[in-house]
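Top to bottom, those sequences are chains E and P. Take 4 as the starting number for the first sequence in our numbering and just add one per residue. Take 4 as the starting number for the second sequence in our numbering and just add one per residue. Beta carbons: idealized from backbone N, C-alpha and C, even for Gly. Down below is the structure, laid out as structure tokens.
2 protein chains.
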Amino acid sequence: MSRVYNFSAGPAVLPEEVLKEAQADLLDYKGCGMSVMEMSHRSSMFDDIIKAAEKDIRTLLNIPDNYKVLFLQGGAYQQFAAIPMNMMNKHHKAGYILTGQWATKAWKEAKIYGDAVALASSEDKTYSYIPDCSDLPITDDMDYVYICQNNTIYGTEYWELPNTKGVDLVADVSSCFLSKPMDVSKYAVMYGGVQKNVGPAGLVIDIIRDDLITDEVYPGTPTMLKWKTQADKDSLFNTPNCWAIYMCGLVFKWLLKNGGLEAMEKKNAEKARILYDFLDQSKLFKGTVEKKDRSVMNVPFVTGDKDMDAKFVAEAKAAGLENIKGHRTVGGMRASIYNAMPKAGVEKLVEFMADFEKKNLK
Amino acid sequence: MSRVYNFSAGPAVLPEEVLKEAQADLLDYKGCGMSVMEMSHRSSMFDDIIKAAEKDIRTLLNIPDNYKVLFLQGGAYQQFAAIPMNMMNKHHKAGYILTGQWATKAWKEAKIYGDAVALASSEDKTYSYIPDCSDLPITDDMDYVYICQNNTIYGTEYWELPNTKGVDLVADVSSCFLSKPMDVSKYAVMYGGVQKNVGPAGLVIDIIRDDLITDEVYPGTPTMLKWKTQADKDSLFNTPNCWAIYMCGLVFKWLLKNGGLEAMEKKNAEKARILYDFLDQSKLFKGTVEKKDRSVMNVPFVTGDKDMDAKFVAEAKAAGLENIKGHRTVGGMRASIYNAMPKAGVEKLVEFMADFEKKNLK
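In structure tokens:
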């Protein structure tokens, strides 16, 4: 079979060019006689790989010098604990904005370690919008304010960062990581699992302002969850997920070669526009999210009829449009159109939707 | 360049046949049109991969039904915390046998969570032997006794398990994992990072007797470090290191095809015999470990002259014998001869050593 168009929410499509390079070098990386998977993480070859990856992500996001970049394991979920363990160290209090399952899980985990306050929630409408964040009940005694910047399940995205009233902002950017330029200096911590928009699963990248990397952590914090452990050793305190770091490094080079995040932002906006424009005129399909809060990465849509949704998902799969089924809490469909999804994939999806609509609209 | 013989202690050599299969399927796994790196961990394709991996490791190690197999992230180091957090729940006390750096690090981490008692140590002779473990000061109020079964840095291995006087045994088997048959029922927990003898870095496999998987964990245990979290979800609580699970699965199939762990034990014993026999008659090189405690996996040796060691390492590298330099705390050389190291690699090493000795022995 040839390659399909893979609309999976994550793990997700990777650039074909990157996969081909990894394939070519799989048994013999750059003539060194071994696979990247077989290299000591202490070798000069791997050191070149991880240093280049860090340098390239710093270039892509224009990361200020006073931020550390950490390549960690355990997924975003592990950071749900690491964030309060490392940051709830002054007032043992933080504010969380609840825009979906992931933000809510992060909030519940933080409650183990201190006073995690729900500042706002969009649960009343199945998280189909981003709450007004211009004047939230944020107080000086909060160690940070937490958001999930793009909500994979619900297809919402913050187009403006919350007014945190001077309190440090922490953002889970898993599903919009490297989708567009972001001003890192506006965040205290920006972090994300790479398995959505960046690389293979098993790696989370934390970008942390260096004054937050400290020994003042929650009592009983495991050595591996203390940010300082890995920061002091440039992510090589113990053996990292070397293969994922290598793959992300290849993706970073692919992004740089293709115009960086400015070019990616344009391409992503164009892809999203094609899909949303179709949805806005369709008589069968409709989007589930308030227009002002629509994500450029994850596009949920429904027909309003469960059987029709199921028929669409099955026929789309048969046509090489894979993983288009929506999350069970939203139902219907979801197209995740990350960086590596070509415009042709979105065009094919829209063409297929138009054709399906013609055949099925009564 | 053709493939080298890679004696790295980990990440380490993988079977060439396995790497070739991964390479062939990299862009299109079994005709599904996508890479394993691009698959949803909730897809039926990945479900087949992880279920097959679990089934095959159960077959290889003959794992009893009352043991859970977990595929986790964070390396053995993260388990250094998870073990006391999950197991020091009755008496908040455990015994540790200190046979090297890794056992000592595990012991120090456990001290965060309870009374971790050093039962014995071989530090007096740079961990070059395994202490007598027939009558250690183990008491009924210990929640477990902990060992590192094969010591990667020092090249020692337990050939008999300690007499734990009825207390549960926990073993880090990272560097001897799947090197030979082991009786899982003698352990409460057997676990190891896979990046030495099994697969690529970023995955640790825990084999845990199911009565130890409980809600009675240390207060403040992160959700991700509580074994029950992943046990309840068959290692899919959040996105795992899918690629590493896939690669380990291929290695398990390679092991089964090649006669399982019985055949591997014979092959490994033969490889180690070739190298130790050479060391025992050499006038230039000598092993650093008490003969009775020698590891079949990691073989440290020295000339006794630092300059000569460095010359050997450099010339070996030039001859395609890579990563033979010893750990800085032992010095000299170390040949890690894991499952995937062919006998021809060890023979070439010994031939090279004999030739080097002839040229350099004054």
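Q. Does E:His44 get closer than 9 Å to chain P when you measure Cβ to Cβ?
A. Chain P, which has a Cβ nearer than 9 Å to the Cβ of E:His44, makes this yes.
**Q.** Segment contact flag, the segment 319–335 of chain E with the segment 4–23 of chain E, C-beta cutoff 8 Å, min 3 pairs
**A.** With three or more CB-CB distances shorter than 8 Å, the segment 319–335 of chain E counts as touching the segment 4–23 of chain E.
Q) For the segment 94–117 of chain P, which residues have a CB atom closer than 9 Å to at least one CB atom of chain E, in sequence order? A) Those residues of the segment 94–117 of chain P that come within reach of chain E (Cβ to Cβ, closer than 9 Å) are Lys108, Lys111, Glu112, Ile115 and Tyr116.
Q.
Using DSSP's beta-bridge definition, name the partner residues of P:Phe315.
A. None; P:Phe315 has no bridge partner.
Q.
With a threshold of 8 Å, are at least 3 pairs of Cβ atoms found where one atom belongs to the segment 151–158 of chain E and the other to the segment 230–246 of chain E?
A. Taking a contact to require three or more Cβ pairs closer than 8 Å, the segment 151–158 of chain E and the segment 230–246 of chain E do not qualify as touching.
Q: Starting from P:Arg276, trace the alpha helix (DSSP H) both ways and give me its first and last residue.
A: Per DSSP, P:Arg276 belongs to the alpha helix (DSSP H) from Gly263 to Gln284.
Q) In its own chain, which residues sit with a C-beta less than 7 Å from the C-beta of P:Val72, not counting the 5 before and 5 after it? A) Result list for P:Val72: Glu57, Ile60, Arg61, Ile66, Ile208 and Ile210, in chain order.
**Q.** Min CB distance E:Asn166 to chain P below 9 Å
**A.** Taking 9 Å as the CB threshold, E:Asn166 stays off the interface with chain P.
Q. Does DSSP put P:Cys245 in a helix, a strand or coil?
A. If DSSP states are grouped into helix, strand and coil, P:Cys245 belongs with the helices.
Q.
I want to verify the contact list: residues of chain E whose CB lies under 8 Å from the CB of P:Tyr80, in sequence order.
A. Those are Thr226, Met227, Phe240 and Asn241, listed as they occur along chain E.
Q: Inspect the beta-carbon positions of P:Leu63 and P:Leu181 and report whether they are closer than 9 Å.
A: Taking C-beta atoms as the reference points, P:Leu63 and P:Leu181 count as a pair closer than 9 Å.
Q. Residues in its own chain within less than 6 Å of E:Ala106 by CB, not counting five upstream and five downstream?
A. Once the five neighbours on either side are set aside, the close Cβ partners of E:Ala106 are Cys151.
Q | Whole-angstrom distance between P:Val170 and P:Asp312, CA atom to CA atom | A | Taking the straight line from one Cα to the other gives about 43 Å.
Q.
I need the straight-line Cα distance from P:Gln81 to E:Ile248, nearest angstrom please.
A. About 19 Å.
Q. Does DSSP put P:Thr306 in a helix, in a strand, or in coil?
A. Residue state, collapsed to three classes: coil.
Q: Find the nearest neighbour of P:Thr102 within the set P:Asp175, P:Thr142 and P:Met48, judged by alpha-carbon distance.
A: The residue with the shortest Cα to Cα distance from P:Thr102 is P:Asp175.
Q: Would you check if the distance between the CB atom of E:Cys136 and the CB atom of E:Ala123 is smaller than 9 Å?
A: Their beta carbons are under 9 Å apart, which means E:Cys136 touches E:Ala123 by this criterion.
Q | Beta-bridge pairing of E:Ile210 - partner residues as DSSP gives them | A | Within the DSSP bridge table, the entry for E:Ile210 names E:Val72 and E:Met193 as partners.
Q.
Going by DSSP, what residue range makes up the beta strand (DSSP E) through E:Ile100?
A. Judged by DSSP secondary structure, E:Ile100 falls within the beta strand (DSSP E) whose first and last residues are Lys96 to Leu101.
(Q) Measuring only the C-alpha atoms, how far is P:Phe10 from P:Ala79? (A) Rounded to whole angstroms, P:Phe10 and P:Ala79 show a C-alpha spacing of 21 Å.
Q. If you draw a straight line from the C-alpha of E:Val316 to the C-alpha of E:Phe359, how long is it?
A. Approximately 11 Å between the Cα atoms of the pair.
Q: Check whether the Cβ atoms of E:Ile277 and E:Val349 lie closer than 9 Å to each other.
A: In this structure, E:Val349 lies closer than 9 Å to E:Ile277 by Cβ.
Q. Between P:Gly252 and chain E, is there a C-beta pair that is closer than 9 Å?
A. No, no contact with chain E.
Q: Kindly say whether P:Glu41, judged by its beta-carbon, lies nearer than 9 Å to any beta-carbon of chain E.
A: Interface with chain E (9 Å Cβ-Cβ cutoff): P:Glu41 is included.
**Q.** Cβ neighbour criterion (16 or more within 10 Å) applied to E:Pro140
**A.** Exposed, because fewer than 16 other Cβ atoms sit within 10 Å of the Cβ of E:Pro140.
Q. What residue range is occupied by the uninterrupted beta strand (DSSP E) comprising P:Pro118?
A. Note on identity: in this sequence residue 118 of chain P is Asp, with Pro being the wrong assignment. Residues Asp118 to Ser124.
Q: Would you check if the distance between the CB atom of P:Val21 and the CB atom of P:Leu253 is smaller than 9 Å?
A: Yes, these two residues count as a Cβ contact at 9 Å.
Q. Which ranges would you report for the alpha helix (DSSP H) in the segment 24–66 of chain E if only whole runs of at least 4 residues count?
A. Listed in chain order, they are 47–64.
(Q) Quick check on E:Ala322: does DSSP put it in helix, strand or coil? (A) In the structure shown, the three-state DSSP call for E:Ala322 is coil.
Q.
Since P:Tyr190 and P:Leu206 should fall inside the 8 Å C-beta cutoff, what is the C-beta to C-beta distance between them, to a whole number of angstroms?
A. That pair is no contact at about 19 Å.
Q) Shorter than 9 Å from the beta carbon of P:Leu30 to some beta carbon of chain E? A) It does: the Cβ of P:Leu30 has a partner Cβ on chain E nearer than 9 Å.
Q: Out of E:Val192, E:Glu265 and E:Glu293, point me to the one whose CA is closest to E:Ile86's CA.
A: Nearest option by C-alpha distance: E:Val192.
Q) Ends of the alpha helix (DSSP H) at E:Leu1? A) Given a span of 4 to 365 for chain E in the structure shown, any question on residue 1 of chain E remains unanswerable.
Q) Should P:Ala25 be labelled buried (16 or more other beta-carbon atoms within 10 Å of its own) or exposed? A) P:Ala25 is buried by the Cβ-count criterion.
Q | Cβ-Cβ separation, E:Lys231 to E:Asp218 (assumed contact under 8 Å), whole Å | A | Contact check for E:Asp218 and E:Lys231: beta-carbon distance about 6 Å, within the 8 Å limit, so the pair qualifies.
Q.
Against chain P, with Cβ distances strictly below 9 Å, would E:Asn9 count as a contact?
A. Yes, its Cβ sits closer than 9 Å to a Cβ of chain P.
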